[in-house]
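Visitor: Numbering (the working numbering), first residue to last: 375 to 893.
Don't be surprised by glycine CBs; every beta carbon is placed ideally from N, CA and C.
Computed from a predicted model, the values in this text were never measured in an experiment.
What follows is a structure written as structure tokens; I'll ask about it next.
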């Protein structure tokens, strides 16, 4: 009986234990079920979100992979001389573009592309990085590729370059070569700093702008309105058909006051004069400038600067080697437009202004005479003349350019504590910009006691001395002028005293109709 009761008691104990475990199992099963329901609900919500909420976005992304937006750059306006001879026009060039979203293996494709077009891969990446927020538009990587590069890319694009394309691109062309290079300037892609300037508020990265000269000054007229082209592509990125296009509108034409034949003759004469000086042993004569201007209205007929450069170097982007050559130590600053930015002592050309100041301020009269024996030794330091001219009046002093006559005039101004030379120099336009419609004009300098007080390093350096007035009288010492300022001053002398504003812009014309446009 005892043995039979043991199994019975054991079975009942197990039953009671199982009853205690049952609520725990039910709880666990409930938790697992709840988790499963939650995960399923999250999955359903995600599917709903992708299909309903984000469906349009994914459709758009698929469309963007199928459709490429290609910008059609507008040709810039043509720049003519006063006789309607083109100085800058356009020619059709070829540009390599990359469609970032279509690159399958960016590192490999960009490396091989760089080798094909002779461009460092890092430079290509930098160009793409500037447009990283616009992955569904083609980015121009290199302009002005060669026919050989074009043929190579066209042959290999379907297999190796699915994100690469070639398109036409308007490039600047110079039918007169390097004629008027400084005056005309050049174009280039706008950079991030320029984009911050108010004048470029409606520009974007990749746009070409005038960087200097006429191209810069008249950019708002020369710039056209870009068009666009939507192209459908296949799975390999190859164009299948055009979907929609907006025609670009060319920029307006700018007609200059310059005469291209006179401009070429001026540049040739300047180069010849420098060669002539070198032949006579004046090797330091390695640069110069010429301005030919109407004294009546300030129209610039010619403006030359030596040495010069070939504007074709900028077409499609300047190479590093060309840039280094232009900026090399021995190149003598060929990019400097000496006609408007070079600052030099005017020397004897200033004597006419000294003479006018002397007459107008009552320092001298036409009848005053001074003896020139080659040396003026009134001060402790002797001042020499280039010759010995004897008894000299104003007329003869100007004719033979006698320094000693003007030393006396300058000294009289000092004795009278009169700054008339400075006043008249400024009235003739020296020491300030002329208002020329080109960028980069230098101010020059007309020294006076206030300037010397602020400029001098020591007490004696800050004192205006008699020698300062004497030197100023013959255009030496601390005075600096640009060739354009001097031309403007002499134009005023020629026209009876009216200071004109020099300018190179004659008119702006609509490129299509030829109608002159009002400013």
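Which runs of the alpha helix (DSSP H), 4 residues or longer, sit entirely within the segment 476-510?
Guide: 480-491, 495-503
Visitor: Compute the distance between the beta-carbons of residue 721 and residue 848, then report whether it is under 8 Å.
Guide: Taking the chain shown and counting its residues from 1, one reaches residue 721 at position 347. Taking the chain shown and counting its residues from 1, one reaches residue 848 at position 474. In this structure, residue 848 lies closer than 8 Å to residue 721 by Cβ.
Visitor: Taking Cβ to Cβ, would you say residue 858 is nearer than 8 Å to residue 645?
Guide: If you number the chain shown from 1, residue 858 lands on position 484. If you number the chain shown from 1, residue 645 lands on position 271. The answer is no: Cβ separation not under 8 Å.
Visitor: Which same chain residues, not among the five before or five after residue 440, have their C-beta less than 7 Å away from its C-beta?
Guide: Here residue 440 refers to the residue found at position 66 when the chain shown is read from its first residue. If we look at residue 440 and ignore the five residues flanking it on each side, its Cβ neighbours are 606, 607.
Visitor: State the start and end residues of the unbroken alpha helix (DSSP H) segment that holds residue 692.
Guide: Numbered from its first residue, the chain shown carries residue 692 at position 318. Element bounds for residue 692: n/a, residue is neither H nor E.
Visitor: So is residue 864 in contact with chain E if we call contact Cβ pairs under 8 Å?
Guide: Protein chains in the displayed structure number just one, and chain E is not present.
Visitor: Would you mind listing the alpha helix (DSSP H) stretches within the segment 571-601 that are 4+ residues and don't spill past its ends, in chain order?
Guide: Considered as a whole, the segment 571-601 harbours 587-591, 593-596 as its complete alpha helix (DSSP H) runs of no fewer than 4 residues, in chain order.
Visitor: For the alpha helix (DSSP H) holding residue 568, just list the boundary residues, first then last.
Guide: Along the chain shown, one-based indexing puts residue 568 at 194. Per DSSP, residue 568 belongs to the alpha helix (DSSP H) from 566-569.
Visitor: What does a CB cutoff of less than 6 Å around residue 625 pick up in its chain, not counting 5 residues either side in sequence?
Guide: Here the question's residue 625 lines up with position 251 in the chain shown. 450, 451, 596, 597, 598, listed in sequence order.
Visitor: Suppose contacts are defined by Cβ-Cβ distances below 8 Å. Is residue 675 in contact with residue 668 by that definition?
Guide: Mapped onto the chain shown, residue 675 falls at position 301. Mapped onto the chain shown, residue 668 falls at position 294. A contact, by the Cβ cut-off of 8 Å.
Visitor: What separation, rounded to the nearest whole angstrom, lies between the Cα atoms of residue 487 and residue 665?
Guide: Numbered from 1 along the chain shown, position 113 holds the residue referred to as residue 487. Numbered from 1 along the chain shown, position 291 holds the residue referred to as residue 665. Distance from the CA of residue 487 to the CA of residue 665, rounded to the nearest whole angstrom, comes to 47 Å.
Visitor: Going by DSSP, name the residue or residues bridged to residue 744.
Guide: Position 370 of the chain shown holds residue 744. DSSP, once it has assigned bridges, lists 766 as partnering residue 744.
Visitor: From this set, 803, 581, 462, which residue's C-alpha is nearest residue 504's C-alpha?
Guide: As a working note, residue 504 is residue 130 in the chain shown. Here the closest residue by C-alpha is 581.
Visitor: Express the C-alpha separation of residue 601 and residue 524 in angstroms, rounding to a whole number.
Guide: Locating residue 524 in the chain shown gives position 150, where the first residue counts as 1. Locating residue 601 in the chain shown gives position 227, where the first residue counts as 1. Near 23 Å, if we compare the C-alpha coordinates of residue 601 and residue 524.
Visitor: What separation, rounded to the nearest whole angstrom, lies between the Cα atoms of residue 696 and residue 447?
Guide: Looking up residue 696 in the chain shown gives position 322. Looking up residue 447 in the chain shown gives position 73. Distance between the alpha carbons of residue 696 and residue 447 is about 26 Å.
Visitor: Would you decide whether residue 796 is buried or exposed? Buried here means 16 or more other CB atoms lie within 10 Å of its CB.
Guide: In the chain shown, residue 796 corresponds to position 422, counting from 1. Flag for residue 796 reads buried.
Visitor: If you drop the 5 nearest sequence neighbours on each side, which residues of the same chain put their C-beta closer than 8 Å to that of residue 622?
Guide: Your numbering for residue 622 matches position 248 in the chain shown. For residue 622, where only same-chain residues beyond five positions count, the Cβ hits under 8 Å are 446, 447, 448, 449, 598, 599, 600, 601.
Visitor: Taking residue 727 as the reference, give the member of 793, 518, 798 with the closest Cα.
Guide: If you number the chain shown from 1, residue 727 lands on position 353. Selected option, being the one with the closest Cα: 798.
Visitor: When you compare only the Cα positions, how much space is there between residue 632 and residue 890?
Guide: Taking the first residue of the chain shown as 1, we reach residue 632 at position 258. Taking the first residue of the chain shown as 1, we reach residue 890 at position 516. Taking the straight line joining both Cα atoms gives about 18 Å.
Visitor: How big is the Cα-Cα spacing for residue 435 and residue 475?
Guide: Position 61 of the chain shown holds residue 435. Position 101 of the chain shown holds residue 475. Bear in mind that a pLDDT of 42 at residue 435, under 50, signals an unreliable position, so the number given afterwards is only what the model happens to contain. Straight-line Cα distance between these residues: approximately 10 Å.
Visitor: Going by DSSP in three states, residue 543 sits in which element: helix, strand or coil?
Guide: Looking up residue 543 in the chain shown gives position 169. DSSP places residue 543 in strand when its eight states are reduced to three.
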